[in-house]
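Heads up: the protein sequence lines correspond to chains A and B, in order.
Going from the first sequence to the numbering used here is simple: count from 1 and add 23.
Anchor point for the second sequence: position 33 equals 22 in the numbering used here, and the numbering is continuous, going up by one each time.
Structure first, then comments.
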Amino acid sequence: SQKIEQNSEALNIQEGKTATLTCNYTNYSPAYLQWYRQDPGRGPVFLLLIRENEKEKRKERLKVTFDTTLKQSLFHITASQPADSATYLCALGTGTASKLTFGTGTRLQVTL
Amino acid sequence: GAVVSQHPSRVICKSGTSVKIECRSLDFQATTMFWYRQFPKQSLMLMATSNEGSKATYEQGVEKDKFLINHASLTLSTLTVTSAHPEDSSFYICSAGDRGRKAFFGQGTRLTVV
């Protein structure tokens, strides 16, 4: 069966460091992979999308890599700030209609 | 980015009653919307795909007679939880795409059945 795992349930890092979150999947051939941020009691907010034929995508302090051979995506937040503390979800999709399958999520805590 | 509005944000209902949740795309038309459910400390689980003008497509294990979905216009989908029971208590979230692959999510609805 399809499985999407985000390896760390929780990640604690110090302000200013780079946070690296992982997303691994099995039995899936996604056309694209997305990362979302979710704050408690709120819906997810879109951050980045990377397509199967792309290796890396950047947006401000965020960077995503996508390795379809390893079936893995890495999500980096550089110069992390306490405001980056949230749960980060990876999601995979195959079609164009935004139907997504979500990973388990990683709760990031950035401390001073 | 596009805006999706979900209402209500919180609802408490008695066991056996029905609850309707609305999901609106405010600045774009959405032929397809999605309904997810999220239990505490778990990820989002897709319940159904809401198709404008036609029947919804439900994921395996989701009771279509219990979770009624109506997508009567290009900007509105509703989810009705019928004969709610305490085990239906959860966080329900809708999403819509603006013809692309990005999904824009509503704020979510916290349903508590007492």
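Glycine residues also receive a C-beta, built at the ideal position from the N, C-alpha and C atoms.
Here the structure is a predicted model, which means the values were calculated and not measured.
Limits of the beta strand (DSSP E) - the one that residue i falls within
i                  : result
Leu71 of chain A   : 68 to 74
Ala61 of chain B   : 56 to 62
Thr67 of chain B   : 65 to 70
Thr(-6) of chain B : Reading off the sequence, residue -6 of chain B comes out as Ser, not Thr. Ser(-6) of chain B -> beta strand (DSSP E) spans -7 to -4.
Thr38 of chain B   : 34 to 40
Lys86 of chain A   : 85 to 90
Arg26 of chain B   : 21 to 27
Val102 of chain B  : 98 to 102
Leu80 of chain A   : A quick correction: the sequence has Lys, not Leu, at residue 80 of chain A. Looking at the DSSP string, the run of the beta strand (DSSP E) that includes Lys80 of chain A is 79 to 82.
Val133 of chain A  : 129 to 134
Ala92 of chain B   : 92 to 94
Backbone secondary structure at residue i - three-state DSSP
i                 : result
Glu76 of chain B  : helix
Asp107 of chain A : helix
Gly86 of chain B  : strand
Thr46 of chain B  : strand
Ser96 of chain A  : strand
Lys40 of chain A  : coil
Ala102 of chain A : coil
In DSSP terms, what residue i is bridged to
i                 : result
Tyr48 of chain A  : A:Ile27
Glu11 of chain B  : B:His(-4), B:Thr67
Leu115 of chain A : A:Leu56, A:Thr124
Gln61 of chain A  : A:Thr110
Nearest-angstrom Cβ-Cβ length linking residue i and residue j, presumed shorter than 8 Å
i                 : j                 : result
Leu85 of chain A  : Leu97 of chain A  : That pair is no contact at about 11 Å.
Leu100 of chain B : Val70 of chain B  : 7 Å
Ser84 of chain B  : Ser121 of chain A : 7 Å
Pro75 of chain B  : Val102 of chain B : 5 Å
Thr101 of chain A : Arg130 of chain A : In fact, because the Cβ distance is near 19 Å, the residues do not count as touching under 8 Å.
Gly66 of chain A  : Gly95 of chain B  : 5 Å
Lys78 of chain A  : Phe89 of chain A  : 6 Å
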